[in-house]
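Read the structure below first, then the notes.
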Amino acid sequence: MSDASSEPQAAASALTRLPKTYDPTSVEDRIYKMWEDSGAFTADATSTKEPFVISMPPPNATGQLHLGHAVMLALEDIFIRFARMQGKEALWVPGTDHAAIATEAVVIRQIQKEEKMPDPRATLGREEVLRRIADFVMKSQGTIRSQVRKMGSSCDWSRERYTMDPMLNRCVNEVFVKMYNDGLIYRGHRIVNWDPKMKTTVSDDEIERKEEKAPFYTFQYGPFQISTARPETKFGDKYVVMHPDDKRYKKYKHGDTFEAEWMNGPVTATVIKDKAVDPEFGTGVMTITPWHDAVDFEIAERHELDKQQIIDYEGKLLPIAEEFSGMPIEKARPLIVGKLQKKGLLVKTDENYVHAVAVSYRGGGVIEPQIKEQWFVDVHKEVVLWKKKKMSLKQILQEVVRKKEIAIIPERFEKTYFHWIDNLKDWCISRQIWWGHRVPVYYCEVCTSGKTVTTEKTEGRRQKTVGMFVSVKALDRCPACGGSMHQDEDTLDTWFSAALWTWSTLVDPALADDFSLDLPELLKRSPDFQKFHPTSVMETGYDILFFWVARMILMTTYATGQIPFKTIYLHGLIRTRDGKKMSKSHPETMIDPLDIIPKYGADALRLSMIVGQSPGNDSKLYEEKIAGYRNFINKLWNASRFVLMQCEEAGIDPAEVRDTSFETRELSLADRALLYALEELVEDVTKGIEAYRLSEVGERLYGFVWDFFCDWYLELSKGNANHAVLIHALRRILKLLHPYCPFITEELWAHMKPQKSGLLIKESWPAEKKERKDKKSFDDLHHVIDIITAVRSLRAEYGIEPSKLGTVTIVSKKIELLESQRENIMRLGRIDVLTIQEKSLGSTKDLASYFLEKTEVHLHLAGLIDIEKEKTNLSKEKETLSKLIGAIEAKLKNKEFVARAPEEVITGEREKLASYQEKLTKIEERLKNL
RNA sequence: GGGCAAUUAGCUCAGUUGGUUAGAGCGCCACAUUGACAUUGUGGAGGUCACAAGUUCGAAUCUUGUAUUGCCCACCA
2 MSDASSEPQA AASALTRLPK TYDPTSVEDR IYKMWEDSGA FTADATSTKE PFVISMPPPN
62 ATGQLHLGHA VMLALEDIFI RFARMQGKEA LWVPGTDHAA IATEAVVIRQ IQKEEKMPDP
122 RATLGREEVL RRIADFVMKS QGTIRSQVRK MGSSCDWSRE RYTMDPMLNR CVNEVFVKMY
182 NDGLIYRGHR IVNWDPKMKT TVSDDEIERK EEKAPFYTFQ YGPFQISTAR PETKFGDKYV
242 VMHPDDKRYK KYKHGDTFEA EWMNGPVTAT VIKDKAVDPE FGTGVMTITP WHDAVDFEIA
302 ERHELDKQQI IDYEGKLLPI AEEFSGMPIE KARPLIVGKL QKKGLLVKTD ENYVHAVAVS
362 YRGGGVIEPQ IKEQWFVDVH KEVVLWKKKK MSLKQILQEV VRKKEIAIIP ERFEKTYFHW
422 IDNLKDWCIS RQIWWGHRVP VYYCEVCTSG KTVTTEKTEG RRQKTVGMFV SVKALDRCPA
482 CGGSMHQDED TLDTWFSAAL WTWSTLVDPA LADDFSLDLP ELLKRSPDFQ KFHPTSVMET
542 GYDILFFWVA RMILMTTYAT GQIPFKTIYL HGLIRTRDGK KMSKSHPETM IDPLDIIPKY
602 GADALRLSMI VGQSPGNDSK LYEEKIAGYR NFINKLWNAS RFVLMQCEEA GIDPAEVRDT
662 SFETRELSLA DRALLYALEE LVEDVTKGIE AYRLSEVGER LYGFVWDFFC DWYLELSKGN
722 ANHAVLIHAL RRILKLLHPY CPFITEELWA HMKPQKSGLL IKESWPAEKK ERKDKKSFDD
782 LHHVIDIITA VRSLRAEYGI EPSKLGTVTI VSKKIELLES QRENIMRLGR IDVLTIQEKS
842 LGSTKDLASY FLEKTEVHLH LAGLIDIEKE KTNLSKEKET LSKLIGAIEA KLKNKEFVAR
902 APEEVITGER EKLASYQEKL TKIEERLKNL
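Just so we're aligned, residue 2 is where the first sequence starts under the numbering used here, counting upward by one.
As structure tokens, this is what we get:
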């Protein structure tokens, strides 16, 4: 290499100043800014190009980037960059979610702690609490934004949205009103999941069940024995229920009454027969607590039984519990059992009873079912017009997936999806927290207080309330009487607004205050919605298939008449080395992308999460894996550095190399083989990404760059470099690798792009050129590679130092090919005397031999040969071959095989047999000669 | 209780409609040190594809059963 000081061409020498190792920290932020400034992320709604759209699942506005986000961003960025390079109008909409319960909880806790305020909601009031939460969100929103950038996400920041943006809020109200008018939203007293800790209802999907061991008591109740793990709910019990077909209780008729001594003295109880009771369980008889149990509630509804509240919303007993009134349930339970025992009513206690306790997903508090007046989405009512049929929301959910309008990857999740729909009940959408989209319902203080509130049952459970108005626009005055109004206190489930995400983000924000437009009109006047909806791919974790994905399908199809996306790609969870969930309680197993990126680079992190991860399956991540991909990135860096140095030495400016410059020149075997392999690579990568096989494609690229391009092509090109081919190959590689590793490829591209080209992110995806596919060259090169490997293997076997050159004889019929590759074979095999001949070597003894198909490789080892070792090696090989030959012969003798197997399989076997036999003969000859 | 998945080298995983001497990365063993790269190179060892039966000319691959592990769903008081 030339001395830098004697080099006058400062511009050219700059290339070799690429550092020996790639340093992502000095590159990534700068590259990201270049992309952003270039406008490459910004999609054009007026373009005529085919759209390709992804809505980014919005992280919590107050969140921190974690591996779940990282894997999502990496996958989506690959899809988007690939589509963009393919010439599609690629749009990736970023945004953040207000995460109602989670955010409110964080801020409340913070106030409690910092200002020693036990109940901030009571002390500060709604307006002040909301102002503080909004402040907090504003301050922390920037964090997640910059972290999303760190991953290299090429999303369109000019279209960034937040679930609480005015237009998105408007969309929520529009949909609520539409659903109310269609009878799909109703208000009713139903049993809901009450979280006494957060003081709000939560939906069925927001609770999880935890197995818990609890004493299981059996009590005497009149003539019956009933069992329960929750005696504290039993104060008001006055019905016993049994299965109608249970013979043991045949003499009791439905509606019979009897006297029973119970907690607070004698009660009159009624016999109810209902199929919900399992005769096999316990005594087959139970008492019911309709206010605090979903099944009991349904039984009570069926038979129009009385319902009574026993536990308040704080989790304390009500006055019906007499001396236990005001007591928290955990404390009261043993005391109640004690009281019943004293009365002689406790029959037995099973201490080993295990049951599933419902726990709040967020707060972790034990859920207490309660009857409350809440807002619900009716999923059964068949009023939605879809493809000219009236359907329920449930039916729409099934229809679009069954008719393949939406595909789920991996397919098996369709089953899970359908199963979930089958069990879907009406969705409770109101929450008793303040942070969120307030229910757009207004109550007249005059109408409702002037007249008594009358409710009339219309259809089923739906009720109509006088003085209640559901409105998109805020109402100050009662439209009926002009009286002052107040808005419903509740807010909507976070998933209600999230369910609109694919399209509410595309509605023109400028129209947010134009109330002269209805929803269809808003959509019509939004160019983004017109151009970019439905979106192409919804990529997210399988763990929110129900929470979010299904609800988007439900709400979007209903509200816009369009499916929200065509394909659902579900990725798995990233776990620790031991397959456990990464959790903050075990910091040693945690991998924090924010630590990893500075250390290994975003490209390496991306690869380590994508390769080895298949859709729908969890994958494991640990630091060595990431380091491995960091090494790969560095390998690519050095290969490029090498090529650039070669160009520099030859006085060639890579920018002037045109993609076809090599076509007029004489190409070496390796060049022709490389060109073939590159075209194959283009085909595999393109088809692979199109089929969502990202892991496979990643491995393919990794192997190509390292095992073929670096290990063979670059080595072969040394001393005989075809600079045009080198540059062409690297450009191809950079393009194909760009969606996976955007940073390093963009950085290297700057050094070798053609003169007039700009950023790699805007380059077009390579098209496969079939005319360059010279397979024979590729196969020939592989033969040469096999020979070189054979020589190396023989040398290693005999411990010949790499510095010592060897004498080798190759016996082959492919004289012309091998002669043309003489230099390469000698250099890479470390040979100084090479004989290539057609005729066999006869009885020479001091040879170590390696037998390839059609070619023998002999290493001359004057004096060093260990004949016994050689014999053992060859005999081993002979044995293996004999076995293989035996197996194939048996196959070919089998008439059934010859008759039934396809022609090409049979010819294949015959060819294999012939080549094995030839090799065997050679080995036997050689053994005889030793 | 119902459903879904997984089980292939010491570890993490590929293996696309059944036909390969079953592959890769990491780790391991031996050798190599100013040569694009030690974040490296060269060579090597390592697997009865969880088990059993079946379908087939032929099974890691298809069917059934068993075992182990993980996940999801469910109203068993």
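Quick reminder that beta carbons are idealized off the backbone N, C-alpha and C, glycines included. In this text, all values refer to a predicted model and were calculated from it rather than measured experimentally.
- Between Val538 and Phe497, the C-beta gap is not smaller than 8 Å, which leaves the two residues out of contact.
- DSSP places Ser850 outside any alpha helix (DSSP H); the residue lies instead in the beta strand (DSSP E), whose first and last residues are Leu848 to Leu853.
- Secondary structure at Gly887: helix, using DSSP grouped into helix, strand and coil.
- Per the C-alpha coordinates, the member of Val28, Arg18 and Leu19 positioned closest to Tyr601 is Val28.
- Counting only runs that start and end inside the stretch 788 to 824, the beta strand (DSSP E) elements of at least 3 residues fall at 807 to 813.
- In this structure Thr49 is exposed. Its beta-carbon is surrounded by fewer than 16 other beta-carbon atoms within 10 angstroms.
- Excluding its 5 nearest sequence neighbours in each direction, Glu764 has C-beta neighbours in its own chain below 7 Å: Met86, Lys736 and Ser758, listed in chain order.
- Under DSSP, Gln375 forms a beta bridge with Gly189.
- When the Cα atoms are used, Ser841 and Glu919 turn out to be separated by approximately 13 Å.
- With the rule of 3 Cβ pairs closer than 8 Å, the stretch 366 to 385 does not count as touching the stretch 268 to 288.
- In chain order, Tyr851, Leu853 and Val858 place their CB closer than 8 Å to the CB of Ala791, counting only its own chain and leaving out the 5 sequence neighbours on each side.
- Annotation: the stretch 867 to 915 contains the following complete segments of the alpha helix (DSSP H) (minimum length 4 residues), in chain order: 868 to 894 and 896 to 901.
- The beta carbon of Lys636 sits closer than 8 Å to the beta carbons of Val706, Trp707 and Cys711 from its chain, once the five residues preceding and following it are set aside; these are given in chain order.
- Closest option to Lys621, judged by alpha-carbon separation, among Lys582, Ile208, Phe633 and Glu657: Lys582.
- By the beta-carbon neighbour count (other beta carbons within 10 angstroms, threshold 16), Val906 is exposed.
- Within the DSSP secondary-structure output, Ser361 pairs in a beta bridge with Ile208.
- A check of alpha carbon separations from His752 across Ile762, Trp766, Arg694 and Arg732 identifies Arg732 as the nearest.
- The beta carbon of Asp297 is closer than 6 Å to those of Ile289, Thr290 and Pro291 in its chain, skipping five residues each way along the sequence.
- In the DSSP annotation of this structure, Ile312 is not part of any alpha helix (DSSP H), being labelled neither H nor E.
- Ranked by how close their Cα comes to the Cα of Ala230, the residues Thr350, Asp593 and Ala475 have Thr350 in first place.
- Closest option to Asn618, judged by alpha-carbon separation, among Gly580, Gly484, Leu875 and Ile789: Gly580.
- DSSP places Gly704 within a helical segment (H, G or I) once states are collapsed to three.
- In this structure Ile868 is exposed. Its beta-carbon is surrounded by fewer than 16 other beta-carbon atoms within 10 angstroms.
- Linking Thr43 to Ile762 through their CA atoms gives a straight-line distance of about 12 Å.
- Note on geometry: alpha-carbon atoms of Phe470 and Leu169 lie some 21 Å from one another.
- Under the three-state reduction of DSSP, Met152 is assigned to coil, being neither helix nor strand.
- Among the bridge pairs identified by DSSP, Arg432 is matched with Thr492.
- Pairing Val402 with Lys754, the inter-Cα distance amounts to about 45 Å.
- By a beta-carbon distance limit of 8 Å, Phe533 does not contact Ala91. Their separation comes to about 10 Å.
- Sequence-distant Cβ neighbours of Trp638 in its own chain, meaning closer than 6 Å and more than five residues away, are Tyr23.
- Nearest to Leu738 by alpha-carbon distance, out of Pro767, Asn194, Ser584 and His724, is Pro767.
- Look at the beta carbons and you see the stretch 48 to 66 touching the stretch 92 to 100: at least three pairs across the two are nearer than 8 Å.
- Counting C-beta pairs closer than 8 Å gives fewer than three between the stretch 212 to 219 and the stretch 394 to 413, which falls short of the contact rule.
- Contact check between the stretch 373 to 389 and the stretch 181 to 197: three or more CB pairs, one atom from each, fall below 8 Å, which counts as touching.
- Tyr218 carries a strand assignment under DSSP once its states are collapsed to helix, strand and coil.
- Between the stretch 421 to 437 and the stretch 588 to 602 there are fewer than three C-beta pairs closer than 8 Å, too few to call the two in contact.
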